[in-house]
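Asks: Numbering (UniProt numbering), first residue to last: 1 to 709.
Quick reminder that beta carbons are idealized off the backbone N, C-alpha and C, glycines included.
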Amino acid sequence: MNASTHDVQHSHQTHAKKRTLFDKELLTPALISTFKKLDPRIQWANPVMFVVYVGSLLTTVLAVQAAFAPSSSFMHGEDTFGFIAAVTVWLWFTVLFANFAEAIAEGRSKAQAASLRSARQDVMANKISSPIQTSVATRVSATTLRKDDFVYVIAGEVIPADGEVVDGMASVDESAITGESAPVIREAGGDFSAVTGGTRVLSDWLVIRVSNNPGEGFLDRMIAMVESAKRQKTPNEIALTILLVALTLIFLMAVVTLLPFSIFAVHVSQMGTPVSLTVLVALLVCLIPTTIGGLLSAIGVAGMSRMMQANVIATSGRAVEAAGDVDVLLLDKTGTITFGNRQASAFFPAPGITQEHLADYAQLASLADETPEGRSIVVLAKQLFNIRERDLQSLQAVFVPFTAQTRMSGVDLPNHQAIRKGSVDAIAKHIESLGGQALPKAVRQMADDIARRGSTPLVVADGNVALGVVELKDVVKGGIKERFAELRQMGIKTVMITGDNPLTAAAIAAEAGVDDFMAEATPEQKLARIRQYQSEGKLVAMTGDGTNDAPALAQADVAVAMNTGTQAAKEAGNMVDLDSNPTKLIEIVETGKQMLMTRGSLTTFSIANDIAKYFAIIPAAFATTYPALNALNVMHLGSPASAILSAVIFNALVIIALIPLALRGVKYRPVGAAALLRRNLGVYGLGGIIIPFIGIKVIDVVLNSAGLM
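1) Does the beta-carbon of Ala-3 have 16 or more other beta-carbons within 10 angstroms, so that it is buried, or is it exposed?
2) To the nearest whole angstrom, what separates the beta carbons of Ala-568 and Thr-583, a pair I think is in contact under 8 Å?
3) In whole angstroms, give me the CA-to-CA distance for Arg-313 and Phe-150.
4) So, is Ser-72 buried or exposed, given that buried needs 16 or more other C-beta atoms within 10 angstroms?
5) Would you list, in sequence order, the uninterrupted alpha helix (DSSP H) runs of no fewer than 4 residues that lie entirely inside the region 350-400?
6) Can you tell me where the alpha helix (DSSP H) with Thr-494 in it begins and where it stops?
7) How should Ala-229 be labelled, buried or exposed, when 16 other C-beta atoms within 10 angstroms of its C-beta is the threshold for buried?
8) To the nearest angstrom, how far is it from the Cα of residue 737 to the Cα of Ala-194?
9) Report all residues from its chain with a CB closer than 8 Å to the CB of Lys-570; omit the five preceding and five following residues, and keep chain order.
10) Quick one: residues in its chain with C-beta nearer than 6 Å to the C-beta of Ala-103, no 5 flanking neighbours on either side, listed in chain order?
11) Taking the alpha helix (DSSP H) that Asn-46 falls in, what are its first and last residues?
12) Assuming the contact rule is C-beta atoms closer than 8 Å, Ala-105 and Ala-302 should be a hit. Round their C-beta distance to whole Å, please.
13) Going by DSSP, what residue range makes up the beta strand (DSSP E) through Asp-412?
14) Between Val-201 and Ala-161, is the Cβ-Cβ spacing less than 8 Å?
15) Secondary structure at Glu-157, three-state DSSP: helix, strand or coil?
16) Rounded to whole angstroms, what is the Cα-Cα separation between Gly-463 and Ala-485?
17) What is the DSSP secondary structure of Tyr-152, reduced to helix, strand or coil?
18) Contact check, Ala-662 vs Phe-93 under 8 Å by CB: the rounded distance?
19) Tell me whether Gly-682 is buried or exposed, calling it buried when 16 or more other Cβ atoms sit within 10 Å of its Cβ.
20) Would you please state the rounded distance, in angstroms, between the beta carbons of Ile-588 and Ile-480? I believe it to be under 8 Å.
21) Does the beta carbon of Ile-263 fall short of 7 Å from some heavy atom of the ligand MG?
22) Helix, strand or coil for Pro-289 per DSSP?
23) Starting from the C-beta of Val-140, find all residues in its chain whose C-beta is less than 6 Å away, skip the five residues before and the five after it, and write them out in chain order.
24) For Leu-296 and Leu-249, I'd like the C-alpha separation in whole angstroms.
25) Whose C-alpha, out of Ala-556, Gln-363 and Ala-550, is nearest the C-alpha of Lys-538?
26) Assuming contact is defined by CB atoms lying nearer than 8 Å, are Gly-688 and Thr-598 in contact in what I supplied?
27) For Phe-693 and Gln-43, I'd like the C-alpha separation in whole angstroms.
28) Taking the alpha-carbon positions, what's the Asp-610 to Met-496 distance?
29) Determine the DSSP secondary structure at Ser-646, reduced to helix, strand or coil.
30) To test your reading of the DSSP string, which unbroken beta strand (DSSP E) runs of 3 or more residues are found completely within the region 566-612?
31) Given Ser-646, which residues of its chain have a CB within under 6 Å of its CB, disregarding the five upstream and five downstream residues?
32) Quick test of your reading: Ser-409 and Gly-422, contact by CB under 8 Å. State the CB separation rounded to the nearest angstrom.
33) Short check: CB of Thr-406 to CB of Ala-426, under 8 Å?
34) Taking DSSP's pairing of strands, which residues face Pro-457 in a bridge?
35) Looking at Leu-358 and Val-460, is the spacing between their C-beta atoms short of 8 Å?
36) Asp-500 and Thr-456 look like a contact to me (Cβ under 8 Å); what is the Cβ gap, rounded to whole Å?
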């Protein structure tokens, strides 16, 4: 057992470890993968870089030919072996740097998957034939368990497989999965019954029904997803790839026609030399969008990786991208907008009833209520009126516990006195069942006033007489209104979902600053609302943790299931939040937008820096054929050869320089589309023009100063 505990703790440490770009554990495998990706079958998947790959092969042949037969081919022109070899080396570096960007991004994801794999252990399990026969258990390996088998797990043992708790309640350490050291409660029934293999029971015991066969568990599926080398491209990524391929084909056709024009010009003028193949290849590579072409895949992989760093596992890149395009957020009130722990705040007695009398009976009716709300009523009565421990034996009371069906709790005393506390409707029906009249107008008015304030009213009754109302307050989280304002600024509509009555829902919605709300929401209503938004062409995101949320999660474009939720919810969602934090949906949207912003920014930079490379390489390439082009040498580069080589070197180095930005992502800012476009053009458009001018000039100065050209 100690070994299992050590493994879980070790996996938590691995999971929590933050890896840098140059972490040795990532760098070595990435370098190996960089060279493995030189396989033409892999290169073909990226059309832009495949053109660079073919160009590198061509200049390699030309360099070998120049080395052994320097004057045997007109294709060399006046190029020396040293120049051709230098261009060839840096073209290969361009390909390798693009491979490295993708490999390091994949390596980070695989390292995160390894931390999850470390939580999957081959432990021994107590297999039982049925939930009621816990005393007769067979010790078996966890790998032999099958779906619908029952296992009995006691304190200190590792849960052997994914499953649903069918009996018992226990504290569970899920740090191996979530990285959070605080234990959580898992119990039979409700929305907190799902457990994950590799987590550890800290107290009490659980009877678990296994929900998956070996290799089909939550961890297995997530590990397979993040380790898969064949990442499915997202729709936006496919569209951008098509655009980049179109640009590449345009430049390719343009460059191909330059050679015959150059030969013809030299023949007619009887002066100068035709442009060489090496220069044409260099020109093509510098003009096509190699920067974004080399980083595009890395940006997509890094987007999923950043989700995992936030303890959210996305089952597809489409889900991450959709998060960035979301138009509508459906948010549960409890736990997301409010803290979710409604507490008793005041007693409002009916006419003729004292506040202390109401508090006394409200406390009596709450002694059998184990919910946080019920316990808070007991505590408030103690604080306000010092109503403390009672002699329950002398009372000879029969307690009536709170249930979701009755929506009330209470106590029956020997003198046929029935004290109840519960929702307004439940108590009204209870009073009518005892022959009483409808709730007094004053009590009903107090309940409505409390609801309008965004609180929850509970009515206390002694038999068929209403004694008054208890106010429960559910506090709106600090800063949530500002977060919703930011989302609104980005054009995202927020909708609060709650089971509260419309008056309470409207008050909390106003306080929180959401755009709309759904009161007394049912699973069918959630599904219908999502379909309505989607029929209007909008993308919808929502969170859920219960089986009743599964239909809506399956319908939503971005569906975040809580790790604490049921297996049905996890299966229906396309993301799983390991921290089970409903507020995480807002962070997920921000992460998705950050990936789209990063892709857009680097695409702008890549296309913009072609302008500077144009002024560097065009005059150098054709100055001997068309002397008038020297007027375009605005950077005053040292020589045609150094100008061309400087542009090729810069083209390669800019990819490696932008890898950290591609992996980290452009800093997220909650601004509208127009402001974002202006910022993108100003920073990455203008920067993409200026930086290459500076970079190419510096490289040219270094090459000429060192006597390399």
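Replies: This is what the structure holds:
1) The residue you call residue 3 lines up with position 3 of the sequence shown. Confidence is the limiting factor: at Ala-3 the pLDDT is only 36, short of 50, which leaves the residue's position unreliable, though a coordinate-based value still follows. Ala-3 comes out exposed.
2) For the purposes of this step, residue 568 is taken as residue 568 along the sequence shown, with counting starting at 1. For the purposes of this step, residue 583 is taken as residue 583 along the sequence shown, with counting starting at 1. 23 Å between Cβ atoms; not a contact.
3) The residue you call residue 313 lines up with position 313 of the sequence shown. The residue you call residue 150 lines up with position 150 of the sequence shown. Rather than Arg, the amino acid found at residue 313 in this sequence is Ile. So the two alpha carbons sit approximately 28 Å from each other.
4) Start at 1 with the first residue of the sequence shown, and residue 72 comes out as number 72. Below a pLDDT of 50, predicted positions are generally treated as unreliable, and Ser-72, at 49, falls in that range; the measurement from the model is reported next regardless. Exposed: under 16 other Cβ atoms inside 10 Å.
5) 355-366, 372-385 and 392-395
6) Your numbering for residue 494 matches position 494 in the sequence shown. No alpha helix (DSSP H) holds Thr-494; the beta strand (DSSP E) holding it covers 493-497.
7) Within the sequence shown, numbered from 1, the residue matching residue 229 stands at position 229. Because the pLDDT at Ala-229 is just 40, under 50, the model does not fix this residue reliably, and the value given afterwards should be weighed accordingly. Label assigned to Ala-229: exposed.
8) The structure shown does not extend to residue 737, since the chain is modelled only from 1 to 709, so the question has no answer here.
9) Against the sequence shown, residue 570 aligns to sequence position 570. The residues are Ala-194, Phe-218, Ala-561, Asn-563 and Val-576.
10) Sequence index remark: in the sequence shown, residue 103 carries index 103 (1-based). For Ala-103, where only same-chain residues beyond five positions count, the Cβ hits under 6 Å are Ala-30, Ser-33 and Thr-34.
11) Position 46 of the sequence shown, counted from the first residue, corresponds to residue 46. Element bounds for Asn-46: n/a, residue is neither H nor E.
12) Start at 1 with the first residue of the sequence shown, and residue 105 comes out as number 105. Start at 1 with the first residue of the sequence shown, and residue 302 comes out as number 302. With 8 Å as the limit, Ala-105 and Ala-302 qualify as a contact, their Cβ atoms being about 5 Å apart.
13) Counting from one through the sequence shown, the residue named residue 412 turns up at place 412. It spans 408-412 - the beta strand (DSSP E) in which Asp-412 sits, taken as one unbroken run.
14) Walking along the sequence shown from the start, residue 201 turns up at place 201. Walking along the sequence shown from the start, residue 161 turns up at place 161. No, the pair does not count as a contact, with Cβ atoms beyond the cut-off.
15) Within the sequence shown, numbered from 1, the residue matching residue 157 stands at position 157. If DSSP states are grouped into helix, strand and coil, Glu-157 belongs with coil.
16) For this step, residue 463 is matched to residue 463 along the sequence shown. For this step, residue 485 is matched to residue 485 along the sequence shown. When rounded, the distance between both Cα atoms is 48 Å.
17) Here residue 152 corresponds to residue number 152 of the sequence shown, with the count starting at 1. Residue state, collapsed to three classes: strand.
18) Locating residue 662 in the sequence shown gives position 662, counting from the first residue. Locating residue 93 in the sequence shown gives position 93, counting from the first residue. At roughly 17 Å, the Cβ-Cβ gap does not stay under 8 Å, so Ala-662 and Phe-93 are not in contact.
19) Here residue 682 refers to the residue found at position 682 when the sequence shown is read from its first residue. It is exposed - the Cβ of Gly-682 has fewer than 16 other Cβ atoms within 10 Å.
20) In the sequence shown, residue 588 corresponds to position 588, counting from 1. In the sequence shown, residue 480 corresponds to position 480, counting from 1. That belief does not hold up - the Cβ atoms of Ile-588 and Ile-480 are roughly 16 Å apart, past 8 Å.
21) With respect to the ligand MG, the structure shown offers nothing to examine, as it has no ligands at all.
22) Working through the sequence shown from its first residue, we reach residue 289 at position 289. Looking at Pro-289 - three-state DSSP - the assignment turns out to be coil, as it is neither helix nor strand.
23) Stepping through the sequence shown from its first residue, residue 140 is reached at position 140. Ala-125 and Lys-127, listed in sequence order.
24) By one-based count along the sequence shown, residue 296 stands at place 296. By one-based count along the sequence shown, residue 249 stands at place 249. Roughly 18 Å between the two C-alpha positions.
25) The sequence position of residue 538 within the sequence shown is 538, counting from 1. The option with the nearest alpha carbon to Lys-538 is Ala-556.
26) Along the sequence shown, one-based indexing puts residue 688 at 688. Along the sequence shown, one-based indexing puts residue 598 at 598. Not closer than 8 Å, so no.
27) Here residue 693 refers to the residue found at position 693 when the sequence shown is read from its first residue. Here residue 43 refers to the residue found at position 43 when the sequence shown is read from its first residue. So the alpha carbons of these two residues sit roughly 30 Å apart.
28) As a working mapping, residue 610 is identified with position 610 in the sequence shown. As a working mapping, residue 496 is identified with position 496 in the sequence shown. Going from the Cα of Asp-610 to the Cα of Met-496 covers about 47 Å.
29) Position 646 of the sequence shown, counting from 1, holds the residue named residue 646. In the structure shown, Ser-646 sits in a helix (DSSP, three-state: H, G or I).
30) 575-577
31) Counted from its first residue, the sequence shown places residue 646 at position 646. Around Ser-646: Ile-696, Ile-699 and Asp-700.
32) Numbered from its first residue, the sequence shown carries residue 409 at position 409. Numbered from its first residue, the sequence shown carries residue 422 at position 422. Right, their Cβ atoms sit about 7 Å apart.
33) For the purposes of this step, residue 406 is taken as the residue at position 406 of the sequence shown. For the purposes of this step, residue 426 is taken as the residue at position 426 of the sequence shown. Cβ distance < 8 Å, so Thr-406 and Ala-426 count as in contact.
34) Locating residue 457 in the sequence shown gives position 457, where the first residue counts as 1. Looking at the DSSP assignment, Pro-457 forms a beta bridge with Glu-471.
35) As a first step, residue 460 must be located in the sequence shown, where it is residue number 460. As a first step, residue 358 must be located in the sequence shown, where it is residue number 358. Contact flag set, yes.
36) Your numbering for residue 500 matches position 500 in the sequence shown. Your numbering for residue 456 matches position 456 in the sequence shown. The Cβ separation is near 7 Å, so the contact holds.
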